[in-house]
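Report on the following structure.
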Amino acid sequence: MHRRQPALIAGAVPPDQRVRTRAYLRATTNVGISVGAVLGGFAIAADTRTAYVALILTAAAASVIAAAVFLRLPTVAPVAAPAHGPRLVALRDRPFLAFTLVDGLMSMHFSLLTIALPLWIAGHTRAPAWMISALTLINTVVVVLLQVRAARTAATVPGAARAARRAGVAIALACVLFAASGALPTAGAIGLLGLGALAHVTGELWHSAAGWAISFGLAPAEAQGQYQGAYGMGYELGKMLAPVVVTTLALGWGVPGWLTLGALFLLLGGLVPPVVRWAERTRPGGTGAGLVTRPAKRGADLAG
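Here it is in structure tokens:
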């Protein structure tokens, strides 16, 4: 269901609310992850058969409730495809595929927090092991509180491209801070790791919002499903490459590897605006980027 969300959102939600809807979904998903982590922690602390069975049954009940909610979703009527022309238009759209590739490679930064950083903290810094959980908590809380607000930075396709460029800068800064943490005593390492986590999650918020806005904004109405599927392939590519890339560079090369990762994310973020401008020039009607989301009233904002 998670991979079908973008196409469902495109069909069920007005264009100016799609990015905001995805932002709300990401925020609430992080709430669910946090609750699940807490419940899992209780089960591990208890370390009894009863606790583990209760955890499994709770997960099963949550899945049943989620299925019941999905059944209440409106049926999205299919959009008629043009009578003439190729059917798989998304796979023929070279500018969009170029954006998908760049964005997918940039999504490797998600594995910094989940793969590279825990191993870096444990084996290459003087920071205590609890910092691994603390940085994950920082990331989750910031995403819950600010993802919807960050979506406002992607009000147009060009604006979203600029947000992606800022994301590259923020993530590159995070890599520099993470690299520097290895040479400091405990207090300094903790401080730099915390600052790096804040820089990383800032880039994560901008990158997520930018990707949603651009993927929705560049897709024709009759092929949103195709385009969101193609966009998802980029994310899966990054997810596949990330373990090898981030561990080889950050852990195998050490500080130079972290700096190389920072330069890579800076480059990928900087490539998004020219690639998006190329894509816009190939859309019907030229460069009309159009509004893809409208800033919500503060009272309706999750973070407001």
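Take the sequence shown: its letters are residues 31 to 334, numbered as in the working numbering.
Where a beta carbon is used, it is the ideal one built from N, C-alpha and C, also for glycine.
Spatially closest choice to residue i from the options, by CA coordinates
i    : options               : result
A309 : S141, T130, V178      : T130
T232 : Y257, L176, L279      : L176
A204 : Y54, S93, I39, L296   : L296
L207 : A229, R192, P250      : A229
L192 : A75, A84, P303, W283  : Looking at the sequence shown, residue 192 is not Leu but Arg. Comparing Cα positions, the closest option is P303.
G282 : H154, P158, G292      : H154
L167 : M263, V99, T58, A227  : A227
T180 : R117, G241, R102      : The question names Thr, but residue 180 in the sequence shown is Ala. Of the candidates R117, G241, R102, the one whose C-alpha sits nearest the C-alpha of A180 is G241.
V172 : A57, L149, I63, F246  : A57
A209 : L301, G70, A280       : A280
A152 : G212, T88, V275       : G212
G198 : L101, V99, L298, A184 : L298
V43  : R79, L103, L127       : L103
A200 : T170, L142, W236      : W236
P148 : A89, A251, S93, L223  : L223
T105 : T183, I39, L271, L248 : I39
P188 : T144, L248, V178, A98 : L248
D250 : F126, P273, V178      : According to the sequence displayed, residue 250 carries Pro and not Asp. Of F126, P273, V178, the residue nearest in Cα terms is F126.
R402 : L214, R50, R182       : What the structure shows of the chain is the stretch from 31 to 334, and residue 402 is not part of that stretch, so it cannot be assessed.
A84  : G66, L289, A184       : G66
A294 : G262, V132, P273, T59 : Per the sequence shown, residue 294 should be read as Leu rather than Ala. The residue with the shortest Cα to Cα distance from L294 is V132.
L225 : A96, N169, A185, V178 : N169
V174 : G300, L55, P314, R307 : L55
Exposed unless 16 or more other CB atoms sit within 10 angstroms - verdict on residue i
i    : result
R48  : buried
W160 : exposed
A319 : The predicted position of A319 is uncertain, since its pLDDT is 41 and thus under 50; a value taken from the coordinates is nonetheless stated next. By the 10 Å Cβ count, A319 comes out buried.
P36  : buried
A326 : For A326, the predicted model reports a pLDDT of 38, less than 50, meaning its position is unreliable and no value from the coordinates is stated.
G62  : exposed
D77  : exposed
R52  : buried
G287 : buried
F246 : buried
V305 : buried
L118 : exposed
F100 : exposed
I244 : buried
I162 : buried
G71  : exposed
V322 : Its pLDDT being 45, under 50, V322 is placed unreliably by the model, and nothing is read from it.
A146 : buried
A202 : buried
A98  : exposed
L87  : exposed
T80  : exposed
Start-to-end residues for the alpha helix (DSSP H) that takes in residue i
i    : result
L85  : 79-101
W288 : 285-311
M138 : Neither: M138 is in no alpha helix (DSSP H) and is coded neither H nor E.
G71  : 48-76
Legend entry - Inter-stretch contact at 8 Å, needing at least 3 Cβ pairs: the stretch 132-147 / the stretch 267-281: yes
Legend entry - Entirely enclosed beta strand (DSSP E) segments - the stretch 143-209, minimum 3 residues: none
Legend entry - Continuous beta strand (DSSP E) assignments of at least 3 residues falling wholly in the stretch 241-279: none
Inset, instruction - Could you tell me whether the stretch 211-222 touches the stretch 247-259, where touching means 3 or more Cβ pairs closer than 8 Å? - result: no
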